[in-house]
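Take full-length UniProt numbering: the final residue in the sequence shown is number 181, and no numbers are missing along the way.
Cβ coordinates follow ideal geometry from the N, Cα and C atoms, glycine included.
Here the structure comes first, spelled out in structure tokens, and everything after it is commentary.
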Amino acid sequence: MDKAERLEDLINEFFEITRFNLSNISLEYSTVSLTRMLEQLTYEFKPTLMSKNLKYTLNVTPNMMIRCDVNKMQRVFDNLLRNAVYYSFEDTTIEITAVQEDDYIKLKFINHSNMIPEEKLERIFEQFYRLDTSRNSNSGRAGLGLAIAKEIVELHNGTITAHSENNIITFKVIIPIVGNL
């Protein structure tokens, strides 16, 4: 990624987080196939996965439907998969699962990576917080992706959490099947 693209990504993330914080965001709900949404996402990430020799498994019930703001929820899943790819050890598998339990869908994005210390795990959803604190990082990452994901999930009356154990990082998203009608 060249410097201009990184700068553009940073500016876009900054404006998006500002928009979430300064206004009452209205969600545009529609009913969508969560299965198809996740299949499309993983398909789009195949070249990026291949660059690190990563594989993925997608374990989602066929035709699992959800009512949500599609564009915003896609942003959540994109951020989670992007982080999983970025931090994963090479030659490992990223697992994405979604199951329905009662009136909720529970999604997990699991990757093999260095452990995240508890004190960092507690701050991982804060704006501008980055695990990689080096100033010379070429990632173009501003530490906004997970903060944005949290805002979106909470707007959908859901929760997002992170867990780190034995070099396995798990992000869990729990969202109601039927959003505000």
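Coil, strand or helix - residue i by DSSP
{"i": "residue 178", "result": "coil"}
{"i": "residue 78", "result": "helix"}
{"i": "residue 127", "result": "coil"}
{"i": "residue 161", "result": "strand"}
{"i": "residue 89", "result": "coil"}
{"i": "residue 26", "result": "coil"}
{"i": "residue 106", "result": "strand"}
{"i": "residue 169", "result": "strand"}
{"i": "residue 39", "result": "helix"}
{"i": "residue 66", "result": "strand"}
{"i": "residue 48", "result": "helix"}
Candidates the options: closest to residue i by CA position
{"i": "residue 66", "options": "171, 156, 95", "result": "156"}
{"i": "residue 100", "options": "59, 79, 74, 123", "result": "59"}
{"i": "residue 174", "options": "78, 73, 121, 42", "result": "73"}
{"i": "residue 114", "options": "121, 69, 44, 169", "result": "169"}
{"i": "residue 44", "options": "158, 57, 78, 122", "result": "78"}
{"i": "residue 121", "options": "86, 171, 159", "result": "171"}
{"i": "residue 118", "options": "159, 165, 127, 110", "result": "165"}
{"i": "residue 32", "options": "42, 69, 127", "result": "69"}
Contact check, residue i vs residue j, beta carbons under 8 angstroms
{"i": "residue 125", "j": "residue 150", "result": "yes"}
{"i": "residue 47", "j": "residue 104", "result": "no"}
{"i": "residue 57", "j": "residue 93", "result": "yes"}
Rounded C-alpha distance that separates residue i from residue j
{"i": "residue 82", "j": "residue 28", "result": "24 angstroms"}
{"i": "residue 30", "j": "residue 152", "result": "15 angstroms"}
{"i": "residue 36", "j": "residue 71", "result": "14 angstroms"}
{"i": "residue 55", "j": "residue 26", "result": "36 angstroms"}
{"i": "residue 76", "j": "residue 148", "result": "8 angstroms"}
{"i": "residue 116", "j": "residue 102", "result": "31 angstroms"}
{"i": "residue 163", "j": "residue 145", "result": "17 angstroms"}
{"i": "residue 87", "j": "residue 160", "result": "18 angstroms"}
{"i": "residue 50", "j": "residue 123", "result": "30 angstroms"}
{"i": "residue 41", "j": "residue 110", "result": "15 angstroms"}
{"i": "residue 178", "j": "residue 158", "result": "11 angstroms"}
{"i": "residue 127", "j": "residue 154", "result": "15 angstroms"}
Supposed contact pair residue j and residue i - C-beta distance, whole angstroms, cut 8 angstroms
{"i": "residue 112", "j": "residue 167", "result": "6 angstroms"}
{"i": "residue 95", "j": "residue 52", "result": "About 15 angstroms separates the two Cβ atoms, so there is no contact after all."}
{"i": "residue 98", "j": "residue 34", "result": "6 angstroms"}
heavy atom of the ligand NAD below 7 angstroms from residue i C-beta
{"i": "residue 80", "result": "Among the components modelled here there is no ligand, and therefore nothing to report on the ligand NAD."}
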